[in-house]
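Chains as they are written, first to last, in our numbering: chain A, 26 to 262; chain B, 26 to 262.
First the structure, in the form of structure tokens, and then the observations on it.
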DNA sequence: ACCTCCTGGTGACGCTCATCACACCCAGCC
DNA sequence: GGCTGGGTGTGATGAGCGTCACCAGGAGGT
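What follows is the structure, given as structure tokens:
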């Protein structure tokens, strides 16, 4: 057996160890077995495009392992990153459930394992398994919430430093009260700019300013928060 | 029987005539009867606040009649309007389904009829009625989509005229190809500004410019599009 | 070794728009 | 009549940041 992307492909959902409680596929046994029967497992290299905005929905991708960049692009080619999907999320569920075209482009940021489920199979699955359907609704709710979060960030903040500060705090939110929280993230300035809706140069400048003022340092792919309170003051909280 | 807000309160969902296909409550008979048993009907005056962001979710409000303004406010008091909910929509579903606090404030913009359902009742209802649960998922999907729409508008457009043009086109999207589409809307410049994330003065100026160039005229609460193609060129489509 | 591509860093310029300030109009109300 | 108060129209000003332009460093390929 080869492992082309540096990890073994888990073929059987029922015995899968990647799953945790927050995963969509954290389901009762019956539903999980049903899900296992309709899904197609596959591994993808970094940079693979799962679907493109405007395509009509083929189905959902359950993300088991890896990160996926969800983005949208304007007519002029400007790109906005909506979020970086984490393991446990279901990609393309809005479009699949509502039957409208994918409104987002999904692209793997690193080697990933994904389970694909065809649209018809997925809808039937939801209809037959109430608990899975409720779970789906919960995941959609979370998506909405993160979308509203981003709307707040884009619409209510006046300055780029403020938005960047908010993003840094968001990234370090899970590191509970360490003195100097560190986070690993493999994003270029360009990509950060696309998340907070500003230009690459501005991100570089603001980060340089943060570094100079000993607020936060981004070195390589490691982000270190030196002075959280300054960031919190910037976001006005 | 009084009709305090200018219309009769429909008490029985099963025989309700307000409903159309796109309504959440467009459900099979069994589910509809179950819904009817757990809901509380009520009429609200204009300006009533249904829930405020940060509150823990009491339940959902099914909007039967009227418009409701969904908004969020920053720490500095700046307000952003996320959308104007139309009849048929369910308000507060994200929070109710996921159990997290309402992330939005809902305020009636005119006299409304609403059906309230307590959280526990609603969740049980979704569990027992697969078709209703699927419908709920579809409505959540639509919410997500409109949220992503707004993110695009805020994040990908460089200028206020562009965002306003996009909004006007959105409003007139349903009027199919009339020569000079007209829409009724009761929004102040201030509120329009809060939708597209700009200042009131800018809205006034851009509208004045549109009027001068014979592109669109907002007189009283009637919006008339004089030259759709100019607007379309502005949004870059 | 070289070249090339991508990322990061920095200066200069100028447009957009937020902000402040005020003036006008039309309500409703005392 | 003369208030007040909310919505609208308009000018002046200046900060913020997008854009262009260019350079430096590093990775990877040949």
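Quick reminder that beta carbons are idealized off the backbone N, C-alpha and C, glycines included.
Values in this document were obtained by computation on a predicted structure and should not be read as measured data.
Straight-line Cα distance separating residue j from residue i
| i | j | result |
| --- | --- | --- |
| residue 249/A | residue 46/A | 29 Å |
| residue 232/A | residue 109/A | 21 Å |
| residue 176/B | residue 36/B | 38 Å |
| residue 160/A | residue 79/B | 23 Å |
| residue 257/A | residue 205/B | 49 Å |
| residue 217/B | residue 171/A | 23 Å |
| residue 197/B | residue 99/A | 21 Å |
| residue 115/A | residue 146/A | 15 Å |
| residue 200/A | residue 207/A | 8 Å |
| residue 26/A | residue 144/B | With a pLDDT of 46 at residue 26/A, under the threshold of 50, the modelled position of this residue cannot be trusted, and the question is left open. |
| residue 244/A | residue 56/B | 56 Å |
| residue 67/A | residue 75/A | 11 Å |
| residue 209/A | residue 41/B | 55 Å |
| residue 93/A | residue 203/B | 43 Å |
| residue 234/B | residue 142/A | 50 Å |
| residue 59/A | residue 39/A | 10 Å |
| residue 136/A | residue 73/A | 9 Å |
| residue 125/B | residue 119/B | 8 Å |
| residue 81/B | residue 69/B | 21 Å |
| residue 237/A | residue 195/A | 21 Å |
Residue i and residue j closer than 8 Å at C-beta
| i | j | result |
| --- | --- | --- |
| residue 112/B | residue 52/B | no |
| residue 107/B | residue 121/B | no |
| residue 64/A | residue 140/A | yes |
| residue 162/A | residue 158/B | yes |
| residue 251/A | residue 242/A | yes |
| residue 165/B | residue 166/A | yes |
| residue 173/A | residue 128/B | yes |
| residue 229/B | residue 185/B | no |
| residue 138/A | residue 89/A | yes |
| residue 105/B | residue 219/B | yes |
Beta-carbon proximity list for residue i, same chain, < 6 Å, skipping 5 on both sides
| i | result |
| --- | --- |
| residue 33/B | none |
| residue 255/B | 240 |
| residue 61/A | 38 and 39 |
| residue 77/B | 130 |
Chain-order list of residues whose beta-carbon lies under 7 Å from that of residue i (same chain, five-residue window excluded)
| i | result |
| --- | --- |
| residue 181/A | none |
| residue 179/B | 222 |
Integer Cβ distance of residue i from residue j, believed to fall under 8 Å
| i | j | result |
| --- | --- | --- |
| residue 85/A | residue 117/A | 5 Å |
| residue 95/B | residue 71/B | Incorrect: roughly 15 Å between the Cβ atoms, too far for contact. |
Nearest to residue i (by Cα), restricted to the options the options
| i | options | result |
| --- | --- | --- |
| residue 214/A | 56/A, 193/A and 174/A | 193/A |
| residue 211/B | 74/B, 91/B, 49/B and 81/B | 91/B |
| residue 150/A | 146/B, 156/B and 254/B | 156/B |
| residue 253/B | 190/B, 67/B, 76/B and 217/B | 190/B |
| residue 183/A | 103/B, 69/B, 236/B and 83/B | 103/B |
| residue 87/A | 123/A, 49/A, 69/A and 236/A | 49/A |
| residue 83/A | 236/A, 62/A, 123/A and 69/A | 123/A |
Cβ-based neighbour list, residue i, same chain, cut-off 8 Å, excluding 5 preceding and 5 following
| i | result |
| --- | --- |
| residue 187/B | 259, 260 and 261 |
| residue 224/A | 218 |
| residue 148/A | 121 and 122 |
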